[in-house]
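In the order they appear, the protein sequences are chains A and B. Under the working numbering, the first residue of the first sequence is numbered 3, with each subsequent residue one higher. Under the working numbering, the first residue of the second sequence is numbered 3, with each subsequent residue one higher. Written out below as structure tokens is the structure these notes cover.
Protein chains: 2
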Amino acid sequence: MLNFNFQNETKIIFGKEQESKVGKEVKKYADKVLLHYGGGSIKRFGTYDGIINSLKEAGVEVVELGGVKPNPRLGLIKEGIEICRKEDIDLILAVGGGSVIDSAKSIAVGVPYAGDVWDFFLGKEKISKAVPVGVVLTIPAAGSESSSGAVVTKMDGQLKRSIGSSLIRPKFAILNPELTTTLPNYQTACGAADIMAHVMERYFTNTENVDLTDRLAESTLKTVIKNTPLAIKENENYAARAEVMWASTIAHNGLLGTGREEDWSSHLIEHELSGIYDVAHGAGLAVVFPAWMEYVYQHDLERFAQFAVRVWDLDPDFKDLEWTARQGIKKTREFFASIGLPVTLAELDIPADRLKEMADKCTAQGPVGNFVKLSSEDVVNIYKLALK
Amino acid sequence: MLNFNFQNETKIIFGKEQESKVGKEVKKYADKVLLHYGGGSIKRFGTYDGIINSLKEAGVEVVELGGVKPNPRLGLIKEGIEICRKEDIDLILAVGGGSVIDSAKSIAVGVPYAGDVWDFFLGKEKISKAVPVGVVLTIPAAGSESSSGAVVTKMDGQLKRSIGSSLIRPKFAILNPELTTTLPNYQTACGAADIMAHVMERYFTNTENVDLTDRLAESTLKTVIKNTPLAIKENENYAARAEVMWASTIAHNGLLGTGREEDWSSHLIEHELSGIYDVAHGAGLAVVFPAWMEYVYQHDLERFAQFAVRVWDLDPDFKDLEWTARQGIKKTREFFASIGLPVTLAELDIPADRLKEMADKCTAQGPVGNFVKLSSEDVVNIYKLALK
């Protein structure tokens, strides 16, 4: 186990009808909020009205900025920064999934910074201040509701880049599983792939003696694997929705990475896909992760065998760990397919003609990943394994 | 799953030599600390000198109060309160295990309160203010390093009572597994029983649909079950020590109780034992918990069968869940015995003559427990199952 620091201050308010508490929670930080959201779904299902009422009752003044798209864009963030400055906003309330939250976090760091907010994403500037962010979560997937990170796309150059700082960790996150029952099944499935990827990016590590976090990670994966198909089969299944929603937060609140080196190459490889082709992040991960596994599993057969046995309940063949490991990878890909996700680039209509361009962009700062260091050539090979 | 709130702000600083950071961390809150500790062990093994140096280097003035005993006493707490007031202390630094930390937390709430600090333990007064507490942990057991609770013994009347408030959650906790390598094996074993009990008090619940927290709890138990014997066999085994230490915090930081009703009757039943006989809390739990299990398991055979299968890797007999459940209880008791703990009151030299008195005290406020509500008569029966 490696030395580590761990602290996560986000207050989680979990359960039925809990979004009615948003006004009271916001009021602790703000007299005036920016209500930040995506498309029309929060208006269609009554979430919007409930939140507005709760804010009004608490005496909080509301300024709105909707229109966040999946893979949030820098343009809207700059607009949000201007509004916050002009309106003297005390807290940004993100109502939505990871894209809305990440957009809110990016606005939050941009407001007190005189330069271009993209500087933070380029690593030119360190985050030292941020407007507080609060969350009402509607999509369990990104884990951004209590994470310290945010990912944003700059259309000019099709660059998808991230920031990280404990200063952008949300102050509170309201998680009502009822709000997720109206999600299209494809989005529920994409969310599951994202949650599982957040766990697996930490699970596949070279750090030894990480019993507890291995097991906590396996627990989180097993919970998502059991409950996602239930939620897809019966959209109103509160219990299944609740398990997946709490798992989404646990997967990415930092706990599962304590004391271990993390990898994150599959995310970076996927980011190049969704940067150019604008595919759903979870769908991209369902394609990339099994391909990455196939490419690297021989680096640590024991770990991949453990994954197969503990996560997928497979019988190990101790004389043939390679077979055991491959069975676990096969099960992972089959699971993604079973919940309606693509598992090849072909299914995403992504042709083979820009693989090298994406791989070069992905590795522009040097090799990616820690479990196995991947060069541009390695990344091309992984894309190729995912082709069809 | 029940609705819940979860927030845990304690900053965990984990790993080798991390106590050297204590001065820097304390300085964020305090120019003057009360250094609170137990007996001579921290002086014997150099921990004390390291901490004093780190505090001095950071320019922190130190006032000392040692002498905390296992099952901390109200008398010393009142002394601590006087010192803090007189010396204008900004933070109480607990260096030790649960007893020292709980003593520090009790001092912390007593300082700003004009009345008798015992009022908080009697529920007469609500905690609304507290001096900040920091921790350097030397015994993985109580989980008090990031919990919101504290347990104290009032000698007059031999009463053991508790308080709880997020205001007494430590601001930071430094966990260096190296500091635990000098623990006597018996104390390591007692710690393991305490950690496991914290998990099991939450595991045995009537709340349905708690997949994720069930699995996280099982993970924590399996980690302790695997690593405690390794730590006892090779005291210097850093990896095993680290697993047990991180498990002690996870077991009791609130995560494993999210969304589920907890029980806590075994703790209350044990508190009466250690209130009168001053046995180590973990040893008392190793005696009480299996007896409690035997008394209540028929209330939910499926849950006890799950415990047997998932925690102890036993083969279920689906036609005979009762047999399966009993095997899990047997394994639990055998495990405690295997690490050198008592599993009967006889082994603790506790006679049968005060069982009713203890049971009456335990249930003075009404039945205890949630999984099964226990009357005084039930508690007597549990003590009897533990006799020999």
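Glycine residues also receive a C-beta, built at the ideal position from the N, C-alpha and C atoms.
Distance between residue j and residue i (C-alpha atoms, nearest Å)
| i | j | result |
| --- | --- | --- |
| residue 340/B | residue 74/B | 28 Å |
| residue 180/B | residue 34/B | 27 Å |
| residue 26/B | residue 60/B | 6 Å |
| residue 290/A | residue 155/A | 19 Å |
| residue 13/A | residue 10/B | 8 Å |
| residue 201/B | residue 287/B | 12 Å |
| residue 76/A | residue 329/A | 41 Å |
| residue 93/B | residue 325/B | 52 Å |
| residue 371/B | residue 227/A | 33 Å |
| residue 267/B | residue 164/B | 13 Å |
| residue 391/A | residue 383/A | Here chain A has residues from 3 to 390 only, and residue 391/A is not among them. |
| residue 219/B | residue 21/A | 28 Å |
| residue 56/A | residue 82/A | 22 Å |
| residue 229/B | residue 239/B | 9 Å |
| residue 175/A | residue 136/B | 27 Å |
| residue 166/B | residue 250/A | 29 Å |
| residue 367/A | residue 87/B | 56 Å |
| residue 246/B | residue 40/B | 22 Å |
| residue 149/A | residue 100/A | 10 Å |
| residue 79/B | residue 241/B | 35 Å |
| residue 36/B | residue 199/A | 45 Å |
For residue i, the three-state DSSP class (helix, strand or coil)
| i | result |
| --- | --- |
| residue 9/A | strand |
| residue 183/A | coil |
| residue 168/B | helix |
| residue 25/B | helix |
| residue 343/A | coil |
| residue 338/A | helix |
| residue 66/A | strand |
| residue 144/B | coil |
| residue 16/B | strand |
| residue 305/A | helix |
| residue 371/B | coil |
| residue 286/A | helix |
| residue 152/A | strand |
| residue 357/A | helix |
| residue 299/B | helix |
| residue 119/B | coil |
| residue 174/B | strand |
| residue 61/A | coil |
| residue 386/A | helix |
| residue 31/B | coil |
| residue 162/B | strand |
| residue 136/A | strand |
| residue 350/B | helix |
| residue 36/B | strand |
| residue 275/A | helix |
| residue 124/A | coil |
Within chain B, partners of residue i - CB distance below 8 Å
| i | result |
| --- | --- |
| residue 85/A | Neighbours of residue 85/A on chain B: none; closest Cβ ~29 Å, over 8 Å. |
| residue 4/A | 17 |
| residue 261/A | 16, 17, 244 and 248 |
| residue 20/A | 5 |
Within chain B, partners of residue i - CB distance below 7 Å
| i | result |
| --- | --- |
| residue 15/A | 7 |
Proximal residues of chain A, C-beta to C-beta of residue i below 8 Å
| i | result |
| --- | --- |
| residue 249/B | 214 |
| residue 60/B | In chain order: nothing, as chain A lies at least about 17 Å away. |
Neighbouring residues, chain A, relative to residue i (Cβ below 7 Å)
| i | result |
| --- | --- |
| residue 218/B | 218 and 221 |
| residue 140/B | Result: empty, since nearest Cβ-Cβ is about 17 Å, beyond 7 Å. |
| residue 224/B | 217 |
| residue 228/B | 213 |
| residue 241/B | 3 and 211 |
**OP:** Report yes or no: do three or more beta-carbon pairs, one from the stretch 101–110 of chain B and one from the stretch 67–85 of chain B, lie closer than 8 Å?
**Re:** Between the stretch 101–110 of chain B and the stretch 67–85 of chain B there are three or more C-beta pairs closer than 8 Å, enough to call the two in contact.
Original post:
Between the stretch 26–36 of chain B and the stretch 115–129 of chain B, do three or more beta carbon pairs fall short of 8 Å?
Top reply: no
Subject >> 3-residue-minimum beta strand (DSSP E) runs that sit fully inside the stretch 69–113 of chain A, ordered along the chain >> reply: Runs found: 93–98.
Subject >> the stretch 319–335 of chain B touching the stretch 293–307 of chain B, judged by at least three CB pairs closer than 8 Å >> reply: yes
**OP:** Kindly provide the ranges of any alpha helix (DSSP H) runs that are 4 or more residues long and lie completely inside the stretch 182–265 of chain A, ordered along the chain.
**Re:** Here the runs fully enclosed are 187–205, 213–235 and 240–254.
**OP:** Spell out a yes or no on whether the stretch 140–158 of chain B and the stretch 178–198 of chain B are touching, meaning 3 or more CB-CB pairs, one atom from each, closer than 8 Å.
**Re:** yes
Original post:
Are the stretch 274–286 of chain B and the stretch 203–218 of chain B touching, with three or more C-beta to C-beta distances below 8 Å?
Top reply: no
**OP:** Evaluate the contact criterion for the stretch 257–271 of chain B versus the stretch 208–217 of chain B: three or more CB pairs, one atom per stretch, below 8 Å.
**Re:** yes
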